[in-house]
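Taking it in order: structure first as structure tokens, then the write-up.
Residue numbers (my numbering): 63 to 480.
In structure tokens:
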């Protein structure tokens, strides 16, 4: 019986909305704005989660990187500047002493405005990195075209190179890079492979690189420079044990006394998780504030139109009560009308946000910021479900007082109303 009353109330509510389209839309405008904020906020949060997940996958959830530099930005620049470099000898000693990790890889890098040449064309701003036999087993070392360095190339330091996805796409847009030769530092290198695209919105620079064997790197740039140490724990469960051993070995090699701060950093993907929490909190803070303000305006608008509707239909209410309609039926009718009005606002909001997001992601963002590719051009269906549920709750809250007023109207007074 109650379901029959609800369906009838929905039918009447739709008739009222279509009879006064503009008034209904203006009344629901606050709800439309509020739901739009909820939907956009949810979309941004989901996009942020996608970026974080991609970053974790790229770095490896069981990887640690020992470096002179701190990725979190929480260490003062003065402290980092005064740190000693991580020498090749130190990295090799660490590699020999580490027992609990699956493997240890050593990397040397030349970041900055490095220039490479292909035929008569010059390409600047590319990072030069080096790799050993273990680097291919890290997430960043996956080759999608060609092959990785052979044992002979690594042992003898031959002049071969693997391109990151960005220089590969820039220099060889037709995808015919394997076997070609590029030049940098006055030396010719043969391209043997292309790394898998790994960059995310947080770390899009990782694809702008070329890798050469570690011994080749040392021949060109020398040993007296800073190196980094990558440690693969083998599993997330083993990460704490490996981290503790890493810190102990590094403090021992560096002769860091008890009570002194580490003069090195142990970086891991967890750092970005902490950054994400801060960004997520900021998005939620702004979004919730705007949403609450919009919903207050929306509730007031729905409240006003429902009170007006009660006044306009007072005689109708009297007639219905005179022929036997219960107060409960009147209450359900007006609450349902308010809920349907808010639900219609949610549908309008979802359609508007879908069109807006599609246009922004497919038209505006590629021109304004081509590297930002983590935003999806569609809204997930779960956001529609959340928006619908929230809108119905708002409708029930906004329609409760007018519905109670309508339900309590005495039949005789309602019939006499003009």
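Note that CB positions come from ideal geometry on N, CA and C, so glycine has one too.
Only a predicted model underlies this, so the values are computations on that prediction, with no experimental measurement involved.
_Three-state class that DSSP yields for residue 444 in the structure shown_ = helix
*Other residues of its chain near residue 185: CB distance less than 8 Å, five sequence neighbours each side excluded*: 177, 178, 179, 229, 232 and 233
*Terminal residues of the continuous beta strand (DSSP E) containing residue 177?*
165-180
_Same chain, Cβ closer than 6 Å to residue 408, five either side skipped, listed in chain order_ = 97, 449, 450 and 453
*Environment of residue 213 [buried if 16+ CB atoms lie within 10 Å]*: exposed
*On the three-state DSSP scale, how would you describe residue 194?*
coil
*Which runs of the beta strand (DSSP E) spanning at least 3 residues fall entirely within the segment 262-311, listed in chain order?*
271-275 and 289-294
*Which of helix, strand or coil does DSSP assign to residue 357?*
helix
*Helix or strand or just coil, what does DSSP make of residue 152?*
helix
*Among 161, 85, 374 and 131, nearest to residue 296 - alpha-carbon criterion*: 161
*From the DSSP output, read off the bridge partner residues of residue 189.*
271
_Simplified DSSP assignment, three categories, for residue 96_ = helix
_As assigned by DSSP and simplified to three states, the class of residue 126_ = strand
*Does DSSP classify residue 326 as helix, strand or coil?*
coil
*What is the DSSP secondary structure of residue 141, counted as helix, strand or coil?*
helix
*Assuming residue 460 contacts residue 368 (C-beta within less than 8 Å), just tell me the rounded distance between them.*
7 Å
*residue 211 by DSSP, collapsed to three states: which one?*
coil
*So residue 249 and residue 218 are in contact, right, with Cβ under 8 Å, and what is the actual spacing, rounded?*
Not confirmed; about 15 Å, so no contact.
*Contacting residues, own chain, Cβ-Cβ under 7 Å from residue 359 (five flanking each side not counted)*: 92
*Return the CA-CA distance between residue 304 and residue 353, expressed in angstroms with no decimal places.*
45 Å
*Given 8 Å as the limit, is there contact between the segment 187-198 and the segment 267-278, that is, 3 or more CB pairs closer than that?*
yes
*Kindly confirm or deny that the segment 283-295 and the segment 161-170 touch, where touching means at least three C-beta pairs closer than 8 Å.*
yes
*Just to confirm, are residue 396 and residue 340 a CB contact at a threshold of 8 Å?*
no
*Comparing alpha-carbon positions, which option in 315, 325 and 403 lies nearest residue 139?*
325
*asked:* Please classify residue 260 as buried or exposed, where buried requires at least 16 other C-beta atoms within 10 Å of its C-beta.
replied: buried
*So is residue 243 buried or exposed if we call it buried at 16+ other beta carbons inside 10 Å?*
exposed
*Taking just the CA atoms, how far does residue 364 sit from residue 90?*
6 Å
*Does DSSP put residue 390 in a helix, a strand or coil?*
helix
*Which word fits residue 276, buried or exposed, when buried means at least 16 other C-beta atoms lie within 10 angstroms of its C-beta?*
buried
*Do you know whose CA, among 394, 327 and 83, lies nearest residue 142's CA?*
327
*asked:* Taking 8 Å as the threshold (C-beta atoms), are residue 148 and residue 290 in contact?
replied: yes
*Cutoff 6 Å; reference residue 246; Cβ partners in own chain excluding five residues on either side*: 178
_Contact under 8 Å by Cβ, residue 134 with residue 419_ = no
*asked:* Tell me the rounded alpha-carbon separation between residue 257 and residue 193.
replied: 12 Å
*With DSSP run on the structure shown, which of helix, strand or coil describes residue 430?*
Because the pLDDT at residue 430 is just 46, under 50, the model does not fix this residue reliably, and the value given afterwards should be weighed accordingly. Residue 430 falls in the helix class under three-state DSSP.
_I'd like to know whether the C-beta atoms of residue 183 and residue 298 end up nearer to each other than 8 Å._
no
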